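> Just passing along the structure, written as structure tokens.
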Amino acid sequence: EGTLAMKAEAIAGIPRAVRDRTELFIETGAFHYAFLVDREGAVLMEAFDVGRHTAVDKVVGKALTAGLDLAALALYTTGRISSDVARKCVQAGIPLVISRGAPLTGAISIAGKNNLGMVGFLRGGRFNVYSGERHVVLD
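Quick note on our numbering: the sequence shown kicks off at 69 and runs consecutively.
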């Protein structure tokens with residue numbers, strides 16, 4: 069369980085930080101991206117795939133190979149947060165998962181039981197916090 073806490077402004081700025089890196093998603097809607105970001109919202113690692121789960125697997129694998137401390141990072145994904153994505157975050161030690169889409173009910177349950185921070189519907193500078201409020205600093 070990581071101690072990462074991100075300011076709301078840093079979370080709200082992630083879509084802007086990744087905009088130039090998501091051309092295939094913007095053009096086709098057929099690719100999902102997964103990013104690992106630090107507490108300031110800076111992108112440290114990225115991966116994409118046609119499957120949202122595979123994009124997450126790829127970015128976590130790249131980070132582990134590079135020796136990054138996953139407990140100090142957040143995962144941002146363009147796909148919905150499924151229970152599998154939530155479980156992968158818990159198993160990898162990622163303390164906060166953020167998505168432009170919705171978290172599914174099973175994912176919210178897993179997050180709540182495992183102190184995983186979960187932010188969904190990150191759009192237009194706004195977002196919803198579903199779990200792990202200690203990972204999101206609102207003031």
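We treat Cβ as the ideally placed atom computed from N, Cα and C, and that holds for glycine. These figures come from a predicted structure and were not determined experimentally.
(1) Could you tell me which uninterrupted beta strand (DSSP E) segments, each at least 3 residues in length, are contained entirely in the segment 98–127, listed from first to last along the chain?
(2) Roughly how many whole angstroms lie between the Cα atoms of LEU72 and ALA160?
(3) What did DSSP end up calling PRO163 once you bin it into helix, strand or coil?
(4) Just reading off the beta strand (DSSP E) that GLY188 is part of, what are its end residues?
(5) Note down the Cα distance separating LEU172 from ARG148, rounded to an integer number of angstroms.
(6) Quick check on this structure: which residue in SER151, ILE166, TYR101, ARG202 has the alpha carbon closest to the alpha carbon of GLU114?
(7) I need the boundaries of the alpha helix (DSSP H) containing THR173, first residue and last residue.
(8) Taking the alpha-carbon positions, what's the TYR198 to HIS121 distance?
(9) Going by the CB atoms, is the gap between ALA170 and GLY185 shorter than 7 Å?
(10) Can ILE166 and LEU190 be called in contact, C-beta distance under 7 Å?
(11) In the structure shown, what three-state DSSP assignment does SER150 receive?
If we stick to the structure as given:
(1) 100–105, 111–117
(2) 14 Å
(3) coil
(4) 185–191
(5) 7 Å
(6) TYR101
(7) THR173: member of the alpha helix (DSSP H) spanning 173–181, first to last residue.
(8) 20 Å
(9) no
(10) Yes, Cβ-Cβ distance for ILE166 and LEU190 is below 7 Å.
(11) coil
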